[in-house]
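2 protein chains.
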Amino acid sequence: MQLIDQADGFDLALDGRIVARHRAAAPMIFVGQGEPSVQMNKGHFKIDDYVVARVPLAHARIVRRDGEVRLAFSAGPSDASSLTLVVTGGENDAAIRFEGADASINRLWLRIAAEQEERVWGGGEQLSYFDMRGRRFPMWTSEPGNGRDKSTLMTFKADRTGSGGDYYNTNYPQPTWLSSRRYALHVETTAYSAFDFRHGDFHEIEVWAVPERIELWARDHFIDLVRALSDRFGRQPPLPDWVLQGAIVGLKDGERSFERLEAFRAAGAAISGIWCEDWVGLRITTFGRRLYWDWKWDPKRYPGLDRKIPELAGEGVRFLGYVNPYLCVDGELYPHAAAEGYLALRPDADEPYIVDFGEFDCGIVDFTNPKAAAWFEDVVIGRNMLDFGLSGWMADFGEYLPHDVRLASGLDGMLAHNAWPTLWGQVNARAVASRGKTGEALFFMRAGFTGVQAHCPLLWAGDQSVDFTRHDGLPSVICAALSSGLVGNAFHHSDIGGYTSLYGNVRTAELMQRWSEMAAFTPVMRSHEGNRPDQNLQLDQDPDVLAHFARMTRIYRHLAPYLAELSQEAATTGVPVQRPLFLHFEGDPRAFECQVSYLYGPDLLVAPVLEAGAERWSAYLPAGAEWRHLWSGETFAGGAEVSVAAPIGQPPVFYRADAARADLFAALATL
Amino acid sequence: MQLIDQADGFDLALDGRIVARHRAAAPMIFVGQGEPSVQMNKGHFKIDDYVVARVPLAHARIVRRDGEVRLAFSAGPSDASSLTLVVTGGENDAAIRFEGADASINRLWLRIAAEQEERVWGGGEQLSYFDMRGRRFPMWTSEPGNGRDKSTLMTFKADRTGSGGDYYNTNYPQPTWLSSRRYALHVETTAYSAFDFRHGDFHEIEVWAVPERIELWARDHFIDLVRALSDRFGRQPPLPDWVLQGAIVGLKDGERSFERLEAFRAAGAAISGIWCEDWVGLRITTFGRRLYWDWKWDPKRYPGLDRKIPELAGEGVRFLGYVNPYLCVDGELYPHAAAEGYLALRPDADEPYIVDFGEFDCGIVDFTNPKAAAWFEDVVIGRNMLDFGLSGWMADFGEYLPHDVRLASGLDGMLAHNAWPTLWGQVNARAVASRGKTGEALFFMRAGFTGVQAHCPLLWAGDQSVDFTRHDGLPSVICAALSSGLVGNAFHHSDIGGYTSLYGNVRTAELMQRWSEMAAFTPVMRSHEGNRPDQNLQLDQDPDVLAHFARMTRIYRHLAPYLAELSQEAATTGVPVQRPLFLHFEGDPRAFECQVSYLYGPDLLVAPVLEAGAERWSAYLPAGAEWRHLWSGETFAGGAEVSVAAPIGQPPVFYRADAARADLFAALATL
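Okay, here's the thing in structure tokens:
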């Protein structure tokens, strides 16, 4: 990083890009104090801040020494320094450390230079806006909320119960962005933070603490930025071979799940696994059937499962389960964990912090306690799950750590909250590693934060609404895949058909079909019965839907050689399977505008149908390639929006006419 | 005011009350810069602020001289002073002037000492919360919004069109409060400001400018505080005698209005006036019938009105009309006003600022131009209205001045916006005075701000929803009367039956009756046909409703001697006709909790039925008096919640058993 002196200030530049401007009249940094108000309601947070002070640090004393630049900032020229920024790094990579902060500072605002037409992406897994410019994005892991669009009746109804959400709510935020100016920036902190991209000539980073560090990367090409971030945050192993062989069918019907699986096979579906989240048994509440949060096989609901699992494996079908970081107080694990001091504590008493999940109470396993983590890894996941024969599971939750919890490590709850998903991922990954199953057992998470990349082999997009809505339905999955992919999560997938059915909003056959069509062109194809299985259409209830699904699973399986290659590439370089158009077409300005289509590897362009009733669909094909429509074989020059027929069964997909695997792609039309 | 030295700071005390605390670590004042964003949509404003800096002024240099105390505040001990507060005044009244402010300051935050149990009232005319403690109240005149309660479907629907509103939106804000600690505080500014009453040990005043002054009053009794505020803001003349003789019936049916008036009289209603807002004629839009905003008699809609007015006057019925500060571009007044330079200008061109009111455009008369104001007073109101024979009118609007308007006086739009209602009131009052009709011609306004008290003889509560809803229906009128009354508006009334009918929400007979019952116990009784007359019940459409209304008008008329006395008292002392219970019962803590009942003068307690379907109603009767129920004659000791039968026709009203006019009140039961 270069420091360039300017009249009454300086600029910081990284490989020719001005990344910060400081002038006495327009400082780059502000510090102060805030008094937060945080309320949690079943993973939904209401967070307000009363900003007591926000003081511009107008003056900087500059000291250059030993390959670093020290910027000692103060409010006035004669004041003592409030904070020193230590800039280190070479031409392309740099870091800013914070030292000597005044003890009273608990808020920090940093301005990064921006340009009018600049775009910014990342922010973890964003569900609404891929390009974040023009909006503010708090970084706080939480439920994403239902509806997520204040103009819809769904969101209004959900808001009345406190579960409505807004565009920025996500299970997986991460204070990292990539800029169209071809640099990336990461804020190393687990404190509450926010990116404010609403300003014309700067982006403002807000942090409710003095962060550890700001990290910066500049590269000539976006794909190299993505690789750099993957290097930084960690890489996932390649997808296991078994998962490429077909879909994972989600069923939670007890023993009957296996009968129903037969119907899928009979319909010609390629099946790689069966996922039964109810393997732990059920709890009946007035809200409906819930799982029994005591993590081990329930032989009442699945008699003989211990024998069934190897039997299925012999047929090429893996068995997957479910776990989360809570223990219900009426289970067998809770009393042990409580007695051993493995649980997080209340702020006001040396008693386990109990969280109400709706007619049942749970304790929180304190993963900052190494013994608690080791126990959960070895006994709960290791013995009860992996040794029992599970090949994978949904590692649910991670977002619900109360901000006022007391932890064994002494870490403050406000700092631990965002750290939790990564700790949770780490516990799962260590358990898998302890059995030598890394890259073989496949767990999937919705929650995340910085560093989860190193632990979680597969994201899923959380609990979409069972519809085509812009902010909470099928379209949000693409945004999620693209944003999380840029910050180092190579593998993404979603619940086919969506999950959340509320207020009479139920799945249509068309939705199931369109979702299946998209899922065939994602790293993992997995179905879910949803939160209200009885009220919602299931894949195996409608012969047309089932036949369509089965065909899509064969398309997915047919692409296995291509996907295996992408999976290996991801594991080697960190480039995600699903990619925004500009990752390969950075010379085409229109490639930067799109969040409704994606590249599936370098050679396929997928433009899922995102509306009900569509018979045709339009997609922008980027300039610089010739594109062939999968179903008609029609060839289009890139650089234009094209419209193609898109009946059910013919998802709008295009491939590069000169792709090495053009023949493989062409053969899809025959399946 | 006393300045009391404290370790590392000082306190300011007024007659023994600490009103401000300053310590270096907890300063009383913060200054900084904000960058506002203001969007107007038909009188609804979306206002955001990006606070660039908020600097605590931790250090104060104190100079006592010439009966004033000068407090020169700075951020650091060695910094130049950013702002000097000059404290003047005696033991009970004080003022704080601001001098020598740093030119960069456009935001100021001032903390006033608070106590945990303290209550605060005022804030102009508040429609939702009489006691403002625990919430934040921006002070910006605007449409109050429809629904005004984010949990209701009505508000959700209205929000989708930008007209939803929230609890603090009001036509008439005023940065003035009264505290239960028996002091009052006023911020002299027309800038955007906000009172933040959410904190435990301070109230925070935010002003988007350096205000002129903070004014303070301490008194031993609340009624003396109210008098002091009335002395400060101006007094209204007594109500005209004619209005005490009965109700003003609102009809807007052209000539047919007079036939319909006969039905009211035939039903035995006491009528003092007929109010025809359509006296200016109609404009047909796709939204429905609107008025023709060219302020003069429309002989097509009201043929022979010039002869009808004196004829009605001979029968004791006054004629009232309608005016507002806009001129439609297709009228006769607009071209004249435009040619003479009487209109407010666009920010970007020397052309009239045109506001779209929904399929018709209007110019804004620039009341900061003395010639424009004089023309509007003499020609529009004087000649076209008063000389024509009008005895009163709705002086509508006042809240819509765009923040980016250019005015003849050079006053910035952000400062002019809140000043506008008072200027509009002044124009009306001067016009009335020019014809010697002060206290005789009665106009009524919904918009207000500091100083409107000196000009506007009568407030009306704006455009309530046609229902019993807490924040936008009948109950909101009581809150409006009580809050505005405390800051010097003695006379208040509302549209009987409410005004706003949206999304199929229409008037019920019961609502009309309950509203009539309350209106009989307010200074003026006036009906309105509402925004959608054809879809809503009218008083003269249902014989029971009409008979009930007629009886209520006789009750109103019967109380004329009492009301005349209250009206005279208000004109002399500033004490409003409608009063919160604590104004006369300050020894009773429960009297401070109530915003659903009110004292009507010192001797009547009115507890309107505020719910549909009620057959009985409960009211708290304050301790220190014996209360007699109007209809049963039953006597209750004060200091208890009592329940009484409350069928339609028997509004829950109580009078002090020892009232001088007890016989007059008792006779109401015989009407």
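These protein sequence lines are chains A and B, in that order.
All residue numbers for the first sequence refer to the working numbering, where the first residue is 772 and numbers rise by one.
All residue numbers for the second sequence refer to the working numbering, where the first residue is 772 and numbers rise by one.
Positions of the beta carbon are idealized from the N, C-alpha and C atoms, including for glycine.
query, result
"Once DSSP output is grouped into helix, strand and coil, what is the label at B/H992?", "coil"
"Quick check on DSSP: helix, strand or coil for A/K1023?", "coil"
"DSSP three-state label for B/G1134, please.", "strand"
"Please return the same chain residues whose Cβ sits closer than 7 Å to the Cβ of B/A1408, not counting the five positions on each side in sequence.", "E1397"
"Taking the straight line between their C-alpha atoms, what separation do you get for B/R832 and B/A1166?", "49 Å"
"Please work out which residues of its chain come closer than 6 Å, Cβ to Cβ, to B/E888, disregarding the five sequence neighbours upstream and downstream, and give them in chain order.", "none"
"On the DSSP letters alone, give me the boundaries of the alpha helix (DSSP H) that B/A1331 sits inside.", "1331 to 1344"
"Measure the Cβ-Cβ separation of B/S917 and B/T1279 and say whether it is below 7 Å.", "The displayed chain sequence assigns Asn, not Ser, to residue 917 of chain B. Cβ distance not < 7 Å, so B/N917 and B/T1279 don't count as in contact."
"Counting contacts by CB-CB distance shorter than 7 Å, is B/D850 in contact with chain A?", "yes"
"Buried or exposed: which applies to A/I1152, given that a residue is buried once 16 or more other Cβ atoms fall within 10 Å of its Cβ?", "buried"
"To the nearest whole angstrom, what separates the beta carbons of B/I1080 and B/G971, a pair I think is in contact under 8 Å?", "With a Cβ gap of about 59 Å, B/I1080 and B/G971 do not count as contacting."
"Against B/R931, what residues of chain A qualify as contacts under a CB-to-CB distance less than 7 Å, listed in chain order?", "S922"
"Please report the distance separating the alpha-carbon of A/S1247 from that of A/D1238.", "11 Å"
"If the cut is a Cβ gap below 8 Å, which residues of chain A does B/A824 touch?", "F801, R825, V826, P827"
"When you compare the CB of B/G847 with every CB in chain A, is at least one pair closer than 7 Å?", "yes"
"Tell me which residues of the stretch 901 to 928 of chain A have at least one Cβ-Cβ distance to chain B shorter than 7 Å, keeping chain order.", "S922, F927"
"Assess, as a yes-or-no matter, whether the stretch 941 to 950 of chain A is touched by the stretch 1250 to 1260 of chain A under the definition of 3 or more beta carbon pairs within less than 8 Å.", "yes"
"Can you list the beta strand (DSSP E) stretches of 3 or more residues lying completely in the stretch 789 to 867 of chain B, in chain order?", "800 to 812, 815 to 827, 830 to 836, 839 to 845, 854 to 860"
"The alpha helix (DSSP H) that contains A/C1250, what's its start and end?", "1245 to 1257"
"Taking the beta strand (DSSP E) that B/F1215 belongs to, which residues open and close that run?", "1213 to 1215"
"Quick one: grab the DSSP three-state call for B/E977.", "strand"
"Do three or more CB pairs link the stretch 1348 to 1357 of chain A to the stretch 1391 to 1406 of chain A at distances below 8 Å?", "yes"
"Assign B/I1042 to one of three DSSP states: helix, strand, or coil.", "strand"
"Pull up the distance between the alpha-carbon of B/C1099 and that of B/L1182, whole angstroms please.", "24 Å"
"Using CA coordinates, which residue listed in A/Q1224, A/E1288, A/A1190 is at the minimum distance from A/G1268?", "A/E1288"
"Run the CB neighbour count on A/Y821, radius 10 Å, all protein chains shown included, and call it buried at 16 or more, exposed below.", "exposed"
"Locate the beta strand (DSSP E) running through A/T926, then write down its first and last residues.", "No beta strand (DSSP E) contains A/T926, which is instead part of the alpha helix (DSSP H) from 924 to 931."
"In angstroms, rounded to a whole number, what distance separates the CA positions of A/G861 and A/E1340?", "28 Å"
"Apart from the five residues just before and just after B/D1012, which ones in its own chain have a Cβ nearer than 8 Å to its Cβ?", "A1335"
"A/G764 to A/V891, Cα distance in whole Å?", "Outside the shown range of chain A, which is 772 to 1442, sits residue 764 of chain A, and nothing can be said about it."
"Looking at B/W948: is its Cβ nearer than 7 Å to the Cβ of B/Y963?", "no"
"Using C-beta distances below 6 Å, list every residue in its chain close to B/Y1274, excluding the 5 sequence neighbours before and after it, in chain order.", "K928"
"Near B/D1132, which residues of its chain fall below 6 Å by C-beta distance, leaving aside the five closest residues on each side in sequence?", "V1100, I1125"
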